[in-house]
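Just so you know, we're using my numbering here: the sequence shown kicks off at -1 and counts up by one.
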Amino acid sequence: MSSNLTWHQHTVDATSRAKALGQKPLVLWFTGLSGAGKSTLANGVEQALAGAGKHSFLLDGDNVRHGLCSDLGFSDSDRTENLRRVGEVARLMVDAGLIVLAAFVSPFASDRQLIRERLPQGRFFEIYVEASLEACESRDPKGLYAKARRGEIKHMTGLDSPFEVPTSPDLVVNTQALSPAEAVNKVLEWLEKEVGLDASAD
């Protein structure tokens, strides 16, 4: 970082933005294998938040690679840079007063921890969307596992690239045991009980 840069302290700060929106800004980080149901779950939770009049934004792994991270591949270093960028965007959105939902494989614990540390205390919540490799591969909604098995793509998490299971996530949602609706309800109930965020419709 250049030594010529100066941080400008603005009059309208994070506290005033959050107050104007009437909500607690935070990041809900959905991590898990491809096919575990991260995007489906995050989308369902955001629908409920919108219905409750909350202001949110969903950052999805595939979507950001169409623009913000279109120059990155899937090597370990590129995955880390992808998440660093996403983490910074999430931090800015929290500063703007938004509830951010982020659905990313994010296989490395160190990357997830770095994002947590970049956010104010109590603003980052890790949700492990749990499903076995066998279940994810049987679903294979994007056909990625099939391509990886044929050798058409490399660095497939769960096959030739590791996934580091969260050791102490804030919430675990097992999408093999729960229907999509049940999984969404589990997150909403946890949000109300543990985070103090009521997502019931107005």
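Even for Gly, the Cβ is constructed at its ideal location relative to N, Cα and C.
CB contact below 8 angstroms: residue i versus chain C
i: T173; result: Structure shown: chain C not included; a single protein chain is present.
Residues near residue i in its chain [Cβ-Cβ closer than 6 angstroms; skip 5 each side]
i: A181; result: L39, V171, T173
i: Q21; result: K52
i: D128; result: The displayed chain sequence assigns Glu, not Asp, to residue 128. Excluding residues within five positions, the ones whose Cβ falls inside 6 angstroms are V170, N172.
i: S159; result: H153
Cβ pair residue i, residue j closer than 8 angstroms
i: L99; j: V43; result: yes
i: F123; j: V193; result: yes
i: L47; j: I97; result: yes
i: M154; j: L169; result: no
i: L189; j: A197; result: yes
i: L81; j: D109; result: yes
i: T29; j: P164; result: yes
i: G65; j: R116; result: no
Residue nearest to residue i in terms of C-alpha spacing, selected from the options
i: G156; options: D11, G20, S32; result: S32
i: I113; options: S130, V87, L3; result: V87
i: Q111; options: P23, Q45, A16, E162; result: E162
Neighbourhood of residue i by C-beta, 7 angstroms cutoff - its chain only, sequence neighbours within 5 removed
i: P167; result: E124, I125, Y126
i: V59; result: One point to set straight first is that residue 59 is Gly, not Val, in the sequence displayed. Within the same chain, G59 has close Cβ partners A101, F102, V103.
i: L19; result: H53, G95
Cβ-based burial, residue i [other Cβ within 10 Å; buried from 16]
i: P118; result: exposed
i: A34; result: buried
i: E208; result: This structure cannot settle anything about residue 208, because the visible part of the chain is limited to -1 through 200.
i: A146; result: buried
Contacting residues, own chain, Cβ-Cβ under 8 angstroms from residue i (five flanking each side not counted)
i: L176; result: K184
Residue i CB to nearest heavy atom of the ligand ADP below 7 angstroms
i: L96; result: The model depicted lacks the ligand ADP and carries no ligand whatsoever.
| message | Contact between the region 11 to 25 and the region 79 to 98 is defined here as three or more beta-carbon pairs at a separation below 8 angstroms; is this criterion met? | response | yes
| request: Pair every Cβ in the region 103 to 111 with every Cβ in the region 71 to 79, then say whether three or more of these pairs are closer than 8 angstroms. | output: yes
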